[in-house]
Amino acid sequence: MNTATIKTLLTSQQTLSALPLRLVAGIIFAAHGAQKLFAWFGGYGLDGTGQWMESIGLAPGYFMALMAGSAEFFGGLLLIAGLLTRPAALALAVTMVVAIFSVHLQNGLFMSNNGYEFGLSLLAISLALVCQGGGRFSLDNLIAKRIN
Numbered sequence: 001m002n003t004a005t006i007k008t009l010l011t012s013q014q015t016l017s018a019l020p021l022r023l024v025a026g027i028i029f030a031a032h033g034a035q036k037l038f039a040w041f042g043g044y045g046l047d048g049t050g051q052w053m054e055s056i057g058l059a060p061g062y063f064m065a066l067m068a069g070s071a072e073f074f075g076g077l078l079l080i081a082g083l084l085t086r087p088a089a090l091a092l093a094v095t096m097v098v099a100i101f102s103v104h105l106q107n108g109l110f111m112s113n114n115g116y117e118f119g120l121s122l123l124a125i126s127l128a129l130v131c132q133g134g135g136r137f138s139l140d141n142l143i144a145k146r147i148n
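Mind the numbering: the sequence shown is residues 1 to 148 in this note's numbering, read in order.
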């Protein structure tokens, strides 16, 4: 990649609106990823999550758990830092689309029925960050300013 491409990827709108989106979504995604990867916060870890994913038709389950958990955990950390915000948010948006269609859609909208409203909210936040980037207080913004 040349510096113009990198600068385009990192440059974002100079607003403050990305900050709360990044921080809140980043914490939520990182925590959910930690459940899948490390069995933290009451999660089942890779083995348990992989078995469940296999049972709903996402095979191979262990690999799918590793991919989803990694996207959520590392993507969430990147959002918090505002580093590679657009690619991280895109990976998280794809993860939410898979979650909505493979797990939640058939349960309707509401979370009380394991529906897709929470996933849809995280998808919307992720897409907003893909569009606007990390914002004024992001590492992306700091790096983009230093690239000639």
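Cβ atoms here follow ideal geometry from the backbone N, Cα and C, with glycine treated the same way.
Exclusion of the five residues before and after ARG136 leaves GLN14, THR15, LEU16 as the residues of its chain whose Cβ lies within less than 7 Å of its Cβ. The shortest C-alpha to C-alpha distance from ILE125 to any of ASN107, GLY48, VAL97, LEU105 is the one to VAL97. Straight-line measurement puts the Cα of GLU117 at about 19 Å from the Cα of ARG22.
Annotated three-state conformation of LEU109 is coil, per DSSP. Counting only residues of its own chain and dropping the five nearest sequence neighbours on each side, TRP52 has no CB closer than 6 Å to any other CB. A Cβ-Cβ separation of about 7 Å places SER138 in contact with ALA18 under the 8 Å criterion. In the three-state scheme derived from DSSP, where H, G and I count as helix and E and B as strand, ARG146 is classed as helix. Every alpha helix (DSSP H) stretch that sits fully inside the region 15 to 97 and reaches 4 residues is listed by chain position as 18 to 38, 45 to 55, 61 to 81.
Contact annotation: the region 39 to 59 touches the region 84 to 103, with at least three C-beta pairs closer than 8 Å.
DSSP, read as helix, strand or coil, puts GLN132 in helix. A distance below 8 Å separates the beta carbons of LEU66 and LEU46. Setting aside the 5 residues that flank it on each side, ALA81 is surrounded in the same chain by LEU139, each with a C-beta closer than 7 Å to its C-beta; the list follows chain order.
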